[in-house]
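Visitor:
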Amino acid sequence: MASSAPDIAPDDSRFGLDRLVRLPGAFALQSGQGLNGLDIAYETYGVLNADASNAILVCHALTGDQHVASVHPRTGKPGWWARLVGPGKPVDPQRHFIICTNVLGGCGGSSGPGSIDPATGARFAMAFPVITIRDMVNAQGKLLDHLGVGQLLAVVGGSMGGMQALDWAVAYPARVRNVVAIATAARHSAQNIAFHEVGRQAIMADPMWQGGAYLADQPPVAGLAVARMAAHITYLSEAGLTEKFGRRLQDREALGFGFDADFQVESYLRHQGLSFVERFDANSYLYITRALDYFDLAEPHDGHLSRAFAGVQSRFCVVSFNSDWLYPTAEARRVVKALNIAGAAVSFVELDSPFGHDAFLLDAPEMNRVVDGFLKSGA
Amino acid sequence: MTPEQMVQRSIALRPDLAAVAAAVPPGARVLDIGCGDGALLAWLRDTKSVEGRGIELEPGKVAAAVSRGLAVVQGDAATDLPDYPDAAFDVAILSNTLQAMAQPAAVLLELVRVARRAVISFPNFGHWRVRASLAFGGRMPVTQSLPVSWHETSNIHFCTVDDFRALAADLGLKVESQAFLSGGVRRGALLANLMAEQAVFVLAR
Numbered sequence: 001m002a003s004s005a006p007d008i009a010p011d012d013s014r015f016g017l018d019r020l021v022r023l024p025g026a027f028a029l030q031s032g033q034g035l036n037g038l039d040i041a042y043e044t045y046g047v048l049n050a051d052a053s054n055a056i057l058v059c060h061a062l063t064g065d066q067h068v069a070s071v072h073p074r075t076g077k078p079g080w081w082a083r084l085v086g087p088g089k090p091v092d093p094q095r096h097f098i099i100c101t102n103v104l105g106g107c108g109g110s111s112g113p114g115s116i117d118p119a120t121g122a123r124f125a126m127a128f129p130v131i132t133i134r135d136m137v138n139a140q141g142k143l144l145d146h147l148g149v150g151q152l153l154a155v156v157g158g159s160m161g162g163m164q165a166l167d168w169a170v171a172y173p174a175r176v177r178n179v180v181a182i183a184t185a186a187r188h189s190a191q192n193i194a195f196h197e198v199g200r201q202a203i204m205a206d207p208m209w210q211g212g213a214y215l216a217d218q219p220p221v222a223g224l225a226v227a228r229m230a231a232h233i234t235y236l237s238e239a240g241l242t243e244k245f246g247r248r249l250q251d252r253e254a255l256g257f258g259f260d261a262d263f264q265v266e267s268y269l270r271h272q273g274l275s276f277v278e279r280f281d282a283n284s285y286l287y288i289t290r291a292l293d294y295f296d297l298a299e300p301h302d303g304h305l306s307r308a309f310a311g312v313q314s315r316f317c318v319v320s321f322n323s324d325w326l327y328p329t330a331e332a333r334r335v336v337k338a339l340n341i342a343g344a345a346v347s348f349v350e351l352d353s354p355f356g357h358d359a360f361l362l363d364a365p366e367m368n369r370v371v372d373g374f375l376k377s378g379a
Numbered sequence: 001m002t003p004e005q006m007v008q009r010s011i012a013l014r015p016d017l018a019a020v021a022a023a024v025p026p027g028a029r030v031l032d033i034g035c036g037d038g039a040l041l042a043w044l045r046d047t048k049s050v051e052g053r054g055i056e057l058e059p060g061k062v063a064a065a066v067s068r069g070l071a072v073v074q075g076d077a078a079t080d081l082p083d084y085p086d087a088a089f090d091v092a093i094l095s096n097t098l099q100a101m102a103q104p105a106a107v108l109l110e111l112v113r114v115a116r117r118a119v120i121s122f123p124n125f126g127h128w129r130v131r132a133s134l135a136f137g138g139r140m141p142v143t144q145s146l147p148v149s150w151h152e153t154s155n156i157h158f159c160t161v162d163d164f165r166a167l168a169a170d171l172g173l174k175v176e177s178q179a180f181l182s183g184g185v186r187r188g189a190l191l192a193n194l195m196a197e198q199a200v201f202v203l204a205r
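Protein sequences, first through last, are from chains U and Y.
Sequential numbering of the first sequence, starting at 1, is according to the working numbering.
Sequential numbering of the second sequence, starting at 1, is according to the working numbering.
This is the structure in structure tokens:
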């Protein structure tokens, strides 16, 4: 459906790993505020075909990044969704042109609170405008324009990435042929918001936070680590925690009668918190959790989700996991019901997993099978 | 047509599904309730160009159907059908599932609400082999179309052809057409209540 056939020279610097582009001009935000110039950090995999019909946008979750299927430059770990994206996988660079951007507000190079405010020459910090999921989607749309992608074969995402995928179909109905929304929701629930508020307050209660004006080498690590620990619990299931740790003790034979990490689960959470602060920015965490909390597709339609989906033109594949209590199956069913009422072609499956919300990032052969079949039939 | 579809087309449908498929007009919008792995929907899509949707309870079967490119939602017809708007479909199919429903009458009414026509197939409990099994064997029947023993079957509401006709009449539903099978072969309506192993009815409001 692209208007022109982009002729991609192999050395076109728009394509490849670890790209950063500054898109000049005013970028309007949902809040009414705006940005003067937009930075987008992204990666592409595979080759855009002659009629630009094989492009798949992969959207990342709260603490994800653009390195969906490449080694993370800082942590050295494999791409966060290499189980779904890669040669021979459902999203395959040998067949697809794959784009993954660091979200607006993120800390992987895209415009965010860590960026320089052109008006002051200093970091934005808390002067960065509050952004929304729609703003993230609009920023991705600008990048697609830059890359010469008119219509996407698919938008694929899990968790917050799934929200972006759903919002893509609503915001740009003609630009999306297929939507894959995994372990996600059409709104943040009171419980979702509550957990995020705990995380934000932990960051803000850390004296090192300094109202957001901390120095780059003196971030509020304690607050951010606690935020991550609280959030991480919501990504797992009780059964999963019990199976993995139970009440087993860490490096000791008996209770220590103190406040060291006696239990393995404590040690694990502390490790999760500490390793997180090495790769994530506290202010970005505040902004992105806010964007999530503000997300409610039905809100502009008096709470009627089916009306939000009234104009969609995409096919949808919705997947939930039975042990996910962060974005539970009930919420996925709400999305499916609304899509059905809107007359959209929707597939839905609840998969069995003991791993809670994180299941979508782990080895999930059934999920891969469903996504693969869905994408192949919608090509 | 892709080679895959040509292969699919050449594969014959199970006789009861073929009888159901015969009642679906080309190009119809179809909802298949209890669609399983989507064999019927895929066949209807590939040979009759229907726009199909499915509901299926078992996740593994949903996955199989979705990987065939079908729009199938995991769920329970009894709880999910009310979510569908009136007359959203031309045809609603309930294939070999009615007898497993907790409230068959309510489901029939839902079928003709969401679709203009309902195609329902079910095993006939009035078939002579079933009667003989009960009358002479004194045991609940285990036959080709009822292969699972009584304590394992999910079938809780068996009916005969005449029972079904009576229910349709009670609900004020019109029988538009009917077909009967015995030994996988179509047979006439004569003595269907005794001679048919399976029945296919097309109902309308």
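Just so it is clear, CB atoms sit at the ideal spot from N, CA and C, and this is done for glycine as well.
#1: Name, going along the chain, the residues of the region 362-378 of chain U whose beta-carbon falls closer than 8 Å to a beta-carbon of chain A.
#2: Among Q191(U), L274(U), P220(U) and E253(U), which residue has its Cα nearest to the Cα of M229(U)?
#3: Starting from S320(U) and walking both ways along the alpha helix (DSSP H), at which residues does that stretch end?
#4: Taking 8 Å as the CB-CB limit, is A345(U) close to chain Y?
#5: Of all Cβ atoms in chain Y, is any one closer than 8 Å to the Cβ of F348(U)?
#6: If you draw a straight line from the alpha carbon of W150(Y) to that of L40(Y), how long is it in whole angstroms?
#7: State the DSSP-derived secondary structure class of D163(Y), mapped to helix, strand or coil.
#8: Does the beta-carbon distance from F276(U) to A225(U) come in below 8 Å?
#9: Runs of 3 residues minimum, wholly inside the region 55-109 of chain U: which ones carry the beta strand (DSSP E) assignment?
#10: Just to confirm before moving on: does the CB-CB distance between V318(U) and F360(U) stay below 8 Å?
#11: Please confirm if the region 333-352 of chain U is in contact with the region 70-85 of chain Y, defined as three or more CB-CB distances below 8 Å between the two stretches.
#12: Measuring only the C-alpha atoms, how far is Y294(U) from H188(U)?
#13: Quick check on the burial criterion: 16 or more other C-beta atoms within 10 angstroms. Buried or exposed for N54(U)?
#14: Distance, Cα to Cα, P104(Y) vs L98(Y)?
#15: Going along chain U, which residues have a C-beta under 7 Å from V62(Y)?
#16: What number of angstroms, rounded off, separates the C-alpha of S10(Y) from the C-alpha of E350(U)?
#17: Along the chain, where does the alpha helix (DSSP H) that runs through V130(Y) open and close?
#18: From the DSSP output, read off the bridge partner residues of P178(U).
#19: Is the Cβ-Cβ distance between T101(U) and Y42(U) less than 8 Å?
#20: For L152(U), does the three-state DSSP call read helix, strand or coil?
#21: Output the distance between the C-alpha atoms of C159(Y) and E51(Y), rounded to the nearest integer angstrom.
#22: Do you know how far the Cα of P90(U) is from the Cα of N368(U)?
#23: Below 8 Å on the Cβ atoms is my guess for L62(U) versus I288(U); work out the distance and round it to an integer in Å.
#24: Nearest to V58(U) by CA position, among T75(U), F97(U) and R22(U), is which residue?
#25: Say whether chain U places a C-beta atom closer than 8 Å to the C-beta of S49(Y).
#26: Applying the 10 Å Cβ sphere with the 16-neighbour rule, what's the burial state of A216(U)?
#27: Can you tell me where the alpha helix (DSSP H) holding A171(U) begins and where it ends?
#28: Please state whether DSSP places V91(Y) in a helix, a strand or coil.
#29: Quick one, which residues of the region 220-253 of chain U are near chain Y if we go by CB-CB under 9 Å, in chain order?
#30: So, helix, strand or coil for T329(U), using DSSP?
#31: Report all residues from its chain with a CB closer than 6 Å to the CB of A64(Y); omit the five preceding and five following residues, and keep chain order.
#32: Which value, in whole angstroms, describes the spacing of the CA atoms of W209(U) and A127(U)?
#33: Could you list the residues in the region 62-82 of chain Y with a C-beta less than 9 Å from some C-beta on chain U, going in chain order?
#34: Can you give the Cα-Cα distance for W81(U) and V68(U), rounded to whole angstroms?
#35: If contacts are defined as beta-carbon pairs under 8 Å, then A239(U) and S159(U) qualify, I think. What distance do you get, rounded to the angstrom?
#36: Determine the chain Y residues that contact V179(U) at a beta-carbon separation under 8 Å, and present them in chain order.
Guide: Let me lay it out:
#1: Any reference to chain A falls outside this structure, whose protein chains are U and Y.
#2: Your numbering for residue 229(U) matches position 229 in the first sequence. Of the listed residues, the one whose Cα sits closest to M229(U) is L274(U).
#3: By one-based count along the first sequence, residue 320(U) stands at place 320. No alpha helix (DSSP H) contains S320(U), which is instead part of the beta strand (DSSP E) from R315 to F321.
#4: Your numbering for residue 345(U) matches position 345 in the first sequence. Yes, its Cβ sits closer than 8 Å to a Cβ of chain Y.
#5: Your numbering for residue 348(U) matches position 348 in the first sequence. Judged by the 8 Å Cβ criterion, F348(U) is in contact with chain Y.
#6: Counting from one through the second sequence, the residue named residue 150(Y) turns up at place 150. Counting from one through the second sequence, the residue named residue 40(Y) turns up at place 40. Near 27 Å, if we compare the C-alpha coordinates of L40(Y) and W150(Y).
#7: Here residue 163(Y) refers to the residue found at position 163 when the second sequence is read from its first residue. Looking at D163(Y) - three-state DSSP - the assignment turns out to be helix.
#8: The count along the first sequence starts at 1 and reaches residue 276(U) at position 276. The count along the first sequence starts at 1 and reaches residue 225(U) at position 225. The answer is yes: Cβ separation under 8 Å.
#9: 55-59 and 97-101
#10: Residue mapping note: residue 318(U) aligns to position 318 of the first sequence, counting from 1. Residue mapping note: residue 360(U) aligns to position 360 of the first sequence, counting from 1. Not closer than 8 Å, so no.
#11: yes
#12: Along the first sequence, one-based indexing puts residue 294(U) at 294. Along the first sequence, one-based indexing puts residue 188(U) at 188. Rounded to the nearest angstrom, the two C-alpha atoms are 7 Å apart.
#13: If you number the first sequence from 1, residue 54(U) lands on position 54. Label assigned to N54(U): buried.
#14: The sequence position of residue 104(Y) within the second sequence is 104, counting from 1. The sequence position of residue 98(Y) within the second sequence is 98, counting from 1. Going by the C-alpha atoms only, they are around 6 Å apart.
#15: Position 62 of the second sequence holds residue 62(Y). Correct list: V349.
#16: Locating residue 10(Y) in the second sequence gives position 10, where the first residue counts as 1. Locating residue 350(U) in the first sequence gives position 350, where the first residue counts as 1. For S10(Y), the predicted model reports a pLDDT of 45, less than 50, meaning its position is unreliable; a value from the coordinates is still stated below. Approximately 32 Å between the Cα atoms of the pair.
#17: In the second sequence, residue 130(Y) corresponds to position 130, counting from 1. Element bounds for V130(Y): W128 to A132.
#18: Within the first sequence, residue 178(U) is the residue found at index 178, counting from 1. The residue asked about is misnamed: residue 178(U) is Asn in this sequence, not Pro. DSSP lists R315(U) as partners of N178(U).
#19: Mapped onto the first sequence, residue 101(U) falls at position 101. Mapped onto the first sequence, residue 42(U) falls at position 42. Contact: yes.
#20: On the first sequence, position 152 is the one that residue 152(U) refers to. Three-state result, L152(U): strand.
#21: Residue numbering aside, residue 159(Y) sits at position 159 when the second sequence is read from its first letter. Residue numbering aside, residue 51(Y) sits at position 51 when the second sequence is read from its first letter. Approximately 31 Å between the Cα atoms of the pair.
#22: For the purposes of this step, residue 368(U) is identified with residue 368 of the first sequence, where counting begins at 1. For the purposes of this step, residue 90(U) is identified with residue 90 of the first sequence, where counting begins at 1. The alpha-carbon atoms of N368(U) and P90(U) are separated by roughly 6 Å.
#23: Looking up residue 62(U) in the first sequence gives position 62. Looking up residue 288(U) in the first sequence gives position 288. Indeed, because the Cβ distance is near 6 Å, the residues count as touching under 8 Å.
#24: Taking the first residue of the first sequence as position 1, residue 58(U) is located at position 58. Of T75(U), F97(U) and R22(U), the residue nearest in Cα terms is F97(U).
#25: Sequence index remark: in the second sequence, residue 49(Y) carries index 49 (1-based). No - not a single Cβ of chain U is within 8 Å of the one on S49(Y).
#26: As a working mapping, residue 216(U) is identified with position 216 in the first sequence. Counting Cβ neighbours within 10 Å, A216(U) comes out exposed, since fewer than 16 surround it.
#27: The residue you call residue 171(U) lines up with position 171 of the first sequence. Residues M160 to A171.
#28: Taking the first residue of the second sequence as position 1, residue 91(Y) is located at position 91. V91(Y): strand per DSSP, three-state reduction.
#29: none
#30: As a first step, residue 329(U) must be located in the first sequence, where it is residue number 329. Reduced to three states, the DSSP call for T329(U) is helix.
#31: Sequence index remark: in the second sequence, residue 64(Y) carries index 64 (1-based). D37.
#32: Taking the first sequence and counting its residues from 1, one reaches residue 209(U) at position 209. Taking the first sequence and counting its residues from 1, one reaches residue 127(U) at position 127. In a straight line, the C-alpha of W209(U) is about 14 Å away from that of A127(U).
#33: V62, A63, A64, A65, V66, S67, R68, G69, L70, A71, V72, V73, Q74, G75 and D80
#34: Start at 1 with the first residue of the first sequence, and residue 81(U) comes out as number 81. Start at 1 with the first residue of the first sequence, and residue 68(U) comes out as number 68. Roughly 5 Å between the two C-alpha positions.
#35: Taking the first residue of the first sequence as 1, we reach residue 239(U) at position 239. Taking the first residue of the first sequence as 1, we reach residue 159(U) at position 159. So it is not a contact: roughly 20 Å between Cβ atoms.
#36: Translated into the one-based positions of the first sequence, residue 179(U) becomes position 179. Going along chain Y, no residue has its Cβ under 8 Å from V179(U), so there is no contact; the nearest lies around 12 Å.
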